[in-house]
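Chemist: Chains as they are written, first to last, in this note's numbering: chain A, 5 to 198; chain B, 458 to 1000.
Here it is, the structure in full.
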Ligand SMILES: Cc1cc2nc3c(=O)[nH]c(=O)nc-3n(C[C@H](O)[C@H](O)[C@H](O)COP(=O)(O)OP(=O)(O)OC[C@H]3O[C@@H](n4cnc5c(N)ncnc54)[C@H](O)[C@@H]3O)c2cc1C
Ligand code: SF4
């Protein structure tokens, strides 16, 4: 399955960048922001100057996504880049962006120590095993936790959420409106064959 | 800016939290009960102040809270900041009572987290003694509450259809159309038809279409514990209305005790603490306690005085007694077809066929057909320990053909199930914490067994492979805190009168499920809302 930019925009809807979804989301946002969608937009953008993800960071997130997404998924780079720019740069606060960058730095540091090369230079199999060796597969996500827990929280779960809380990822499992995605009120009424 | 583990609190430590002068009414608690009373009385021109123990949460945080609820952070799923010294309690009954999973402190109260299923109690629920010789009758009946139920449905914006053949009589349609049935409802309908069980729509306090300045449900599927779209009703709706009508709502202002005048018959002030460590006195002509079914009796007990050595409004000794819940009974499994679960986080079909019983036992059962049985793939992905193709294979294996039937089951009030003070432990302000003694009882056990029989029969009619049954031994409470300041006409047996005023204090009313005499087997909040609207009228008349 090829992920597209559209899929990334849909994934952003799940991640709370609700300005990108349809009327339902906009209405929702009006209610949540006391009726003034524009000023909410401004709030979100307020601090976006200070920390943004570097190109290396987004490339590394895509590499991690390749390791944790199923092999039938393609188009990962553009998906992750659109998603992470939209979400991490726009919605999240500085502390969160810092957390993502630091966790990626840790992954890169482990790659250099264990395999003598930057993470991005490793082949994809080794990239996947670095995550396992860090213990990010078994770790519980925790922003203030151990290195493994922070990698799980800021990096692995970030990209897993992007996929599996979006229609594209949900469809891989047979659920086009997964939890976390505002997919409307039709899908729950539909049978499997329609 | 203050911060608890949940969402950010939008008002910080430096917010003005000084008392309101010349207040007509002081409301304690900003859940649905307190918010409705406040908005109603403020709209009638009364000067209203609401004291709320918890913070104001920033609605802009809801998407992040939603995400944290899907992939719990720090191993904890709680996104509303419950726990710690502020919320400490003891559970010493036969059954452990998980209090903090069953309430939220904050502007909006527990409805921030709730599921939003809303019901009128059936007529029988008010007449348990005269019909079955069980427990006691309420001093008011369904007919007395009927107009308030209709009003409460309008206030909460209930989506529903008048298609429940077992429901109590109604005078007008629901304000919003019902949510159409789910695909899995149609699977259940087949089995139920075979078993001659009538199914019908489920009323929801969530918008099936845009209404009241709020979005229609957009299908995030995380209703419990948070609705990011605002489609699910929560009491911030009425807090906003109260504030627009001039009420002042002070957050992070837990009331420590209630102070009465020299006669001991009239409340003078609610003494509350603020984050800066200062205690204030909020004086008012009338007081409405709306702090939920555990904290209301606790506050009355904490306010003991020379004149009221056993706590306020407690001449009967019933304050804190008869703590009643609803029990969960359920069964689930898989069938050999797709069931399309976890698209939305609420139910669309149910059955009240087993609600109005002939014999005393088994008691009332509300059957629920879940739309969210089995695992949610995204939740599994975020908490699993596999990646890549292996993870996808795990998700495909786990998701797809689960079904589950739940039920709420009636529990009878029991004198020995109660809230008291545990003097061996104090909260963050040095007050003894609530101690909960709770047990299930034979009536509920036998009713749960009956519910299980029905649930298993339905699943068997579908040739399901039954994977779990929650029965009398592993049942749990449904987060409904009923009975702890019961209503009655006899001051020696009850705490409030039918106008919801305490027998002992002439200017103190209670708006809560704590005044219910019995709880039936239906989620209580519409009845709480109806009583709050009725109570507001009585307070207004008195002022
Ligand atoms: C997970 C879950 C699901 C639920 N689902 C449903 C459902 O589907 N349908 C239904 O009908 N009900 C449901 N409920 C129950 C429902 O939430 C409650 O019945 C309802 O919120 C009670 O309203 P209330 O205003 O009486 O109390 P609450 O909503 O609990 O509000 C009480 C408020 O008082 C404040 N307070 C407490 N002590 C003090 C003090 N000393 N000083 C100042 N303030 C104080 C608290 O902080 C709180 O904000 C659910 C509950 C939970 C936990
Ligand atoms: S399913 Fe509807 S009510 Fe539930 S969280 Fe989503 S939008 Fe809110």
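All C-beta atoms in this analysis are idealised placements derived from N, C-alpha and C, irrespective of residue type, glycine included.
1. How would you write the range of the beta strand (DSSP E) that residue 649 (chain B) sits in, first residue to last?
2. Between A:84, A:175, A:151, A:144, which has its C-alpha nearest residue 111 (chain A)'s C-alpha?
3. Within 8 Å (strictly less), CB to CB, does residue 132 (chain A) reach chain E?
4. Measure from the alpha carbon of residue 196 (chain A) to the alpha carbon of each residue in B:871, B:800, B:914, then state which is nearest.
5. Taking all protein chains shown into account, decide if residue 10 (chain A) is buried (16 or more other Cβ within 10 angstroms of its Cβ) or exposed.
6. DSSP puts residue 515 (chain B) in a beta bridge; with which residues?
7. Hey, how far is the Cα of residue 635 (chain B) from the Cα of residue 907 (chain B)?
8. Please classify residue 704 (chain B): is it buried, with 16 or more other beta-carbons within 10 angstroms of its beta-carbon, or exposed?
9. Closer than 8 Å by beta-carbon distance: list the chain B residues that pair up with residue 110 (chain A), in chain order.
10. What does a CB cutoff of less than 6 Å around residue 1032 (chain B) pick up in its chain, not counting 5 residues either side in sequence?
11. Please check if any C-beta of chain B sits within less than 8 Å of the C-beta of residue 154 (chain A).
12. Would residue 913 (chain B) pass as a contact of residue 981 (chain B) if the rule is Cβ separation under 8 Å?
13. Distance, Cα to Cα, residue 886 (chain B) vs residue 543 (chain B)?
14. Hey, would you say the C-beta of residue 560 (chain B) is under 7 Å away from at least one heavy atom of ligand 1?
15. The beta strand (DSSP E) spanning residue 875 (chain B) covers which residue range?
16. Rounding to the nearest angstrom, what Cα-Cα distance links residue 12 (chain A) and residue 833 (chain B) in this structure?
17. Please go through the same chain and pick out, in chain order, the residues whose beta-carbon is closer than 6 Å to the beta-carbon of residue 15 (chain A), but skip the five residues on each side of it.
18. What's the gap between the Cα of residue 101 (chain A) and the Cα of residue 159 (chain A)?
19. Reducing DSSP to helix, strand and coil, say where residue 635 (chain B) ends up.
20. Mind listing the chain B neighbours of residue 72 (chain A)? Cutoff is C-beta to C-beta under 8 Å, in chain order.
21. In chain A, which residues lie less than 7 Å from residue 838 (chain B) when you measure between Cβ atoms?
22. Can you list, in chain order, every residue whose CB sits closer than 6 Å to a heavy atom of ligand 2?
23. Report buried or exposed for residue 565 (chain B), applying the criterion of at least 16 other Cβ atoms within 10 angstroms of its Cβ.
24. Strictly below 8 Å CB to CB, what residues from chain B border residue 194 (chain A)?
25. When you compare the CB of residue 462 (chain B) with every CB in chain A, is at least one pair closer than 8 Å?
26. Check the Cβ of residue 178 (chain A) against every Cβ in chain B and list those closer than 8 Å, keeping chain order.
27. In chain order, what residues of the same chain have a beta carbon less than 7 Å from the beta carbon of residue 83 (chain A), not counting five sequence neighbours either side?
28. DSSP state of residue 6 (chain A), grouped into three classes?
29. Taking 8 Å as the threshold (C-beta atoms), are residue 853 (chain B) and residue 163 (chain A) in contact?
30. Between residue 60 (chain A) and ligand 1, is the CB less than 7 Å from at least one heavy atom?
31. Taking the alpha-carbon positions, what's the residue 479 (chain B) to residue 741 (chain B) distance?
32. What's the call for residue 961 (chain B), buried or exposed, on a 16-neighbour Cβ count within 10 Å?
33. Report yes or no: do the stretch 615–626 of chain B and the stretch 651–658 of chain B share at least 3 C-beta pairs separated by less than 8 Å?
34. Among the residues of its own chain, which have a CB less than 8 Å from the CB of residue 998 (chain B), if the five just before and after it don't count?
35. Suppose you measure from the CA of residue 909 (chain B) to the CA of residue 902 (chain B); what does that come to, to the nearest Å?
36. Below 7 Å, is the gap between the Cβ of residue 508 (chain B) and the nearest heavy atom of ligand 1?
Modeler: Let me lay it out:
1. If you number the second chain from 1, residue 649 (chain B) lands on position 192. Unbroken run through residue 649 (chain B) is the alpha helix (DSSP H), 640–651; no beta strand (DSSP E).
2. What you label residue 111 (chain A) is simply residue 107 of the first chain in a count that begins at 1. Ranking A:84, A:175, A:151, A:144 by Cα distance to residue 111 (chain A) puts A:151 first.
3. Structure shown: chain E not included; protein chains present are A and B.
4. Here residue 196 (chain A) refers to the residue found at position 192 of the first chain. Relative to the Cα of residue 196 (chain A), the nearest Cα in the group B:871, B:800, B:914 belongs to B:800.
5. In the first chain, residue 10 (chain A) corresponds to position 6, counting from 1. Label assigned to residue 10 (chain A): exposed.
6. Position 58 of the second chain, counted from the start, is the residue given in the question as residue 515 (chain B). DSSP lists no partner for residue 515 (chain B).
7. Reading the second chain from its first residue, position 178 is the one you call residue 635 (chain B). Reading the second chain from its first residue, position 450 is the one you call residue 907 (chain B). Each residue's Cα considered, the two are about 29 Å apart.
8. By one-based count along the second chain, residue 704 (chain B) stands at place 247. Classification of residue 704 (chain B): buried, given that the 10 Å Cβ count is 16 or more.
9. Residue mapping note: residue 110 (chain A) aligns to position 106 of the first chain, counting from 1. Residues of chain B passing the Cβ test: none, with the nearest at roughly 18 Å.
10. Lying outside 458 to 1000, the shown extent of chain B, residue 1032 (chain B) is not represented and no answer is given.
11. The sequence position of residue 154 (chain A) within the first chain is 150, counting from 1. Closer than 8 Å: no.
12. Against the second chain, residue 913 (chain B) aligns to sequence position 456. Against the second chain, residue 981 (chain B) aligns to sequence position 524. The answer is no: Cβ separation not under 8 Å.
13. Residue mapping note: residue 886 (chain B) aligns to position 429 of the second chain, counting from 1. Residue mapping note: residue 543 (chain B) aligns to position 86 of the second chain, counting from 1. When rounded, the separation of the alpha-carbon atoms in residue 886 (chain B) and residue 543 (chain B) is 8 Å.
14. As a position in the second chain, residue 560 (chain B) is number 103, starting the count at 1. Checking every heavy atom of ligand 1 against the Cβ of residue 560 (chain B), one is found closer than 7 Å.
15. Residue mapping note: residue 875 (chain B) aligns to position 418 of the second chain, counting from 1. Its beta strand (DSSP E) spans residues 875–883.
16. Residue numbering aside, residue 12 (chain A) sits at position 8 when the first chain is read from its first letter. Residue numbering aside, residue 833 (chain B) sits at position 376 when the second chain is read from its first letter. Going from the Cα of residue 12 (chain A) to the Cα of residue 833 (chain B) covers about 20 Å.
17. Working through the first chain from its first residue, we reach residue 15 (chain A) at position 11. Result list for residue 15 (chain A): 87, 166, 170, in chain order.
18. Walking along the first chain from the start, residue 101 (chain A) turns up at place 97. Walking along the first chain from the start, residue 159 (chain A) turns up at place 155. Each residue's Cα considered, the two are about 11 Å apart.
19. Start at 1 with the first residue of the second chain, and residue 635 (chain B) comes out as number 178. Residue 635 (chain B) falls in the coil class under three-state DSSP.
20. In the first chain, the residue the question calls residue 72 (chain A) occupies position 68. Within chain B, the C-beta atoms nearer than 8 Å to that of residue 72 (chain A) come from 844, 845, 848, in chain order.
21. Along the second chain, read from residue 1 onward, the residue named residue 838 (chain B) stands at position 381. Here the neighbours are 164, 168.
22. Going along the chain, the residues that qualify are B:663, B:674, B:675, B:676, B:677, B:678, B:679, B:680, B:684, B:686, B:688, B:689, B:801, B:802, B:803.
23. Along the second chain, read from residue 1 onward, the residue named residue 565 (chain B) stands at position 108. Burial call: buried.
24. Against the first chain, residue 194 (chain A) aligns to sequence position 190. 640, 797, listed in chain order.
25. Position 5 of the second chain holds residue 462 (chain B). With a pLDDT of 33 at residue 462 (chain B), under the threshold of 50, the modelled position of this residue cannot be trusted, and the question is left open.
26. As a working note, residue 178 (chain A) is residue 174 in the first chain. Ordered by position in chain B, the residues that pass the 8 Å Cβ test against residue 178 (chain A) are 795, 853, 856, 857.
27. To locate residue 83 (chain A), count along the first chain from 1; it is residue 79. 7, 11, 12.
28. Within the first chain, numbered from 1, the residue matching residue 6 (chain A) stands at position 2. Note: residue 6 (chain A) maps to strand in three-state DSSP.
29. For this step, residue 163 (chain A) is matched to residue 159 along the first chain. For this step, residue 853 (chain B) is matched to residue 396 along the second chain. Contact flag unset, no.
30. Locating residue 60 (chain A) in the first chain gives position 56, counting from the first residue. Not under cutoff, so the answer is no.
31. Position 22 of the second chain holds residue 479 (chain B). Position 284 of the second chain holds residue 741 (chain B). Looking at the two C-alpha atoms, the distance is approximately 7 Å.
32. Here the question's residue 961 (chain B) lines up with position 504 in the second chain. So residue 961 (chain B) ends up on the buried side.
33. By the criterion of at least three beta-carbon pairs nearer than 8 Å, the stretch 615–626 of chain B is in contact with the stretch 651–658 of chain B.
34. In the second chain, residue 998 (chain B) corresponds to position 541, counting from 1. Counting only Cβ-Cβ distances below 8 Å, and skipping sequence neighbours, we find nothing.
35. One-based indexing of the second chain puts residue 909 (chain B) at position 452. One-based indexing of the second chain puts residue 902 (chain B) at position 445. Spanning the two alpha carbons is a distance of roughly 11 Å.
36. On the second chain, residue 508 (chain B) is found 51 positions in, with the first residue counted as 1. Correct: residue 508 (chain B) has its Cβ closer than 7 Å to ligand 1.
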